[in-house]
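Counting in our numbering, the sequence shown runs without a single skipped number right up to 278 at its last residue.
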Amino acid sequence: AKDKGRNQFCEFTPAMEQEAQERRLLLRDLQQALDEGDFTLHYQPIVDMQSQRTIKAEALLRWQQSVRGQVSPAQFIPLAEESGLIGPLGDWVFQQATRQLAEWRAELDPDFQMSVNVSPVQLQSCKQQAQTWLQHLHDLQLPSSALVIELTESVLMESDKETNAKLQTLQVAGMQLALDDFGTGYSSLSYLKRLDIDYLKIDRSFVNQLTPGNEDNVLCEAIIVMAHQLGIRVVAEGVETQEQHDILRAAGCDYGQGYWYCRPVSPEDFGARLREERSR
Ligand code: C2E
Ligand code: CA
Ligand code: CA
Ligand code: CA
C-alpha cells in the first residue's frame, strides 16, 4: 500500500488480496466441477393456485463441493458470468433440464413445462444461442412451448438488438418468457410490453410481507391486476405460509412457488411427487 492518501481508491489491501485469492480458488474449483460433472439440478414445483396441481418445475443448480460443502448459486453464478464459464454451465443446465422434462412428459404428464434460469451474459455471449436451443429441443422431440426461460429485469433494460432478436426467435418458435424477481429492479411497464413477456414472477421480498389486513398487500394486488390487463400471468415466489397463499389466491394470482408447497428437491423426489399427484 503505497502512495497513501494520494490515491486511496487504488490501494490494494491485504483483505482485497485475500478476496481475490479466494475468488481464484473458487473459479478453479468451479471449472473442475464442470469437468468432473459435480453439478446437479434440483427442481421446485410451480403450482396452479386454484387447483394446487404441480404444472411446472423450475430447475435450480446445485453444487456440492468437497471442501466448501453446498455452495449457493447466488455465490457462484456471478463468478461463472465474469469468467465466461456461464456458457458451458448454462448449456449443461439446459440439456439436463430438457432431458428431464422429456422424461416426465413421456411418463407422467404430456403438458408438463420446465422453467430454466438464463443469465443475460449467457444470452449475450453465445451468438447461435437461440438456434442451438431450438435444435436441441427438436432432437428431444420437445415442442418449444414446453419451455419457459426465466430472465431478470437487467436483460430487458440492457438488452441490445442482438439479444432482442434472439429472444424474438425463441418466442416465435413458441418458447415462453418469464420475468424473474419482479419488483426488485427498475423495469417499467414498457419493458413488459416490448418483449411480450408471458409470466411475471413477483419477488419473494413482496410475498413474504403479505399478512391478513395489511395495507401493503395492495402492492401485490396491483401487480397482479396490472399484469392481467397486459395479458401476462403471475407467479408468486417464496410462498411460505397458507396465509400468503390465501391472500394471493384471493387476489387472482395464477401460480405459486415456495416452501409452503414444496422445497426444491432431487429429480427422484420430484418424480415421486408428480407420480403421486397424477395418480390421484
Ligand atoms: P431465483 O431464480 O429467484 O430462484 C428462486 C430461489 O428462491 C431459489 O434459491 C429457491 O431455492 C429459493 N426459494 C424457493 N422457495 C422459497 C421460499 O419459500 N422461501 C425462500 N426463502 N426461498 C425460496 P437458489 O436455488 O439458492 O437459487 C438462487 C438464485 O441463483 C436463483 O434465484 C437464480 O437467480 C440463480 N440460479 C439458480 N440456478 C440457476 C441456473 O441454472 N442458471 C442461472 N443463470 N442462475 C441460476
Ligand atoms: Ca428463477
Ligand atoms: Ca426469483
Ligand atoms: Ca407471448
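Just so you know, even glycine gets a beta-carbon here, dropped at the ideal spot from N, CA and C.
Quick check on the burial criterion: 16 or more other C-beta atoms within 10 angstroms. Buried or exposed for residue i?
{"i": "Ala(-1)", "result": "Because Ala(-1) sits at a pLDDT of 46, beneath the cut-off of 50, its placement in the model cannot be relied upon, and the point is left open."}
{"i": "Met173", "result": "buried"}
{"i": "Arg192", "result": "exposed"}
{"i": "Lys159", "result": "exposed"}
{"i": "Gln30", "result": "exposed"}
{"i": "Phe10", "result": "exposed"}
{"i": "Asn215", "result": "buried"}
{"i": "Thr52", "result": "buried"}
{"i": "Asp178", "result": "buried"}
{"i": "Pro108", "result": "exposed"}
{"i": "Gln126", "result": "exposed"}
{"i": "Ala176", "result": "buried"}
{"i": "Gly229", "result": "exposed"}
{"i": "Gln242", "result": "buried"}
{"i": "Pro262", "result": "buried"}
{"i": "Gly211", "result": "exposed"}
{"i": "Val116", "result": "buried"}
In terms of alpha-carbon separation, which member of the options lies closest to residue i?
{"i": "Asp89", "options": "Phe110, Val114, Ser81", "result": "Val114"}
{"i": "Gly67", "options": "Pro86, Asp27, Arg103", "result": "Asp27"}
{"i": "Cys218", "options": "Ala163, Ile200, Ser264, Leu59", "result": "Ile200"}
{"i": "Ile147", "options": "Thr239, Gln242, Phe92", "result": "Phe92"}
{"i": "Glu56", "options": "Glu274, Arg273, Pro265", "result": "Pro265"}
{"i": "Gln94", "options": "Glu105, Met112, Asp107, Pro108", "result": "Met112"}
{"i": "Pro118", "options": "Ser70, Asn162, Trp102, Ser143", "result": "Asn162"}
{"i": "Gln63", "options": "Leu25, Glu17, Ala270, Leu99", "result": "Leu25"}
{"i": "Tyr257", "options": "Phe180, Gln98, Ile44", "result": "Ile44"}
{"i": "Asp280", "options": "Glu213, Gly211, Ser203, Val170", "result": "Any answer about residue 280 is impossible in this case: the structure gives the chain only from -1 up to 278."}
{"i": "Arg97", "options": "Leu145, Pro86, Gln122", "result": "Leu145"}
{"i": "Gln122", "options": "Pro141, Phe110, Leu165, Ser142", "result": "Leu165"}
{"i": "Val69", "options": "Gly85, Thr182, Thr38, Phe110", "result": "Thr38"}
Put residue i into one of helix, strand or coil per three-state DSSP.
{"i": "Thr38", "result": "strand"}
{"i": "Ser203", "result": "helix"}
{"i": "Val216", "result": "helix"}
{"i": "Gln118", "result": "Note on residue identity: the sequence assigns Pro, not Gln, to residue 118. Correct three-state label for Pro118: helix."}
{"i": "Lys54", "result": "strand"}
{"i": "Met173", "result": "coil"}
{"i": "Glu101", "result": "helix"}
{"i": "Leu106", "result": "coil"}
{"i": "Asp179", "result": "strand"}
{"i": "Ser49", "result": "coil"}
{"i": "Gly67", "result": "strand"}
{"i": "Ser113", "result": "strand"}
Rounded to whole angstroms, what's the CA-CA distance from residue i to residue j? Just pull it up for me.
{"i": "Val232", "j": "Gly35", "result": "35 Å"}
{"i": "Ala72", "j": "Trp131", "result": "24 Å"}
{"i": "Leu59", "j": "Gln120", "result": "15 Å"}
{"i": "Gln19", "j": "Gln227", "result": "50 Å"}
{"i": "Ala100", "j": "Trp61", "result": "23 Å"}
{"i": "Ala234", "j": "Leu246", "result": "8 Å"}
{"i": "Gln240", "j": "Leu272", "result": "21 Å"}
{"i": "Phe74", "j": "Gln16", "result": "17 Å"}
{"i": "Ala269", "j": "Met14", "result": "The sequence shown places Gly at residue 269, rather than the Ala named in the question. Spanning the two alpha carbons is a distance of roughly 45 Å."}
{"i": "Ala104", "j": "Glu213", "result": "46 Å"}
{"i": "Arg202", "j": "Gly236", "result": "5 Å"}
{"i": "Ser277", "j": "Tyr41", "result": "20 Å"}
{"i": "Asp194", "j": "Ser188", "result": "10 Å"}
{"i": "Cys260", "j": "Glu274", "result": "14 Å"}
{"i": "Glu238", "j": "Ile222", "result": "19 Å"}
{"i": "Gly85", "j": "Cys124", "result": "7 Å"}
{"i": "Thr182", "j": "Asp244", "result": "23 Å"}
I want to check one thing, is the minimum distance from the CB of residue i to the heavy atoms of ligand 5 below 7 Å?
{"i": "Asp179", "result": "As for ligand 5, it is missing from this structure, which binds only ligand 1, ligand 2, ligand 3 and ligand 4."}
(request) Report yes or no: do three or more beta-carbon pairs, one from the segment 200 to 208 and one from the segment 148 to 157, lie closer than 8 Å? (result) no
(request) Take every Cβ of the segment 44 to 55, pair it with every Cβ of the segment 247 to 262, and state whether three or more of those distances are shorter than 8 Å. (result) yes
(message) Any contact between the segment 63 to 82 and the segment 127 to 140? By contact I mean 3 or more CB pairs, one from each, below 8 Å.
(response) No: the two stretches stay apart, fewer than three of their Cβ pairs being nearer than 8 Å.
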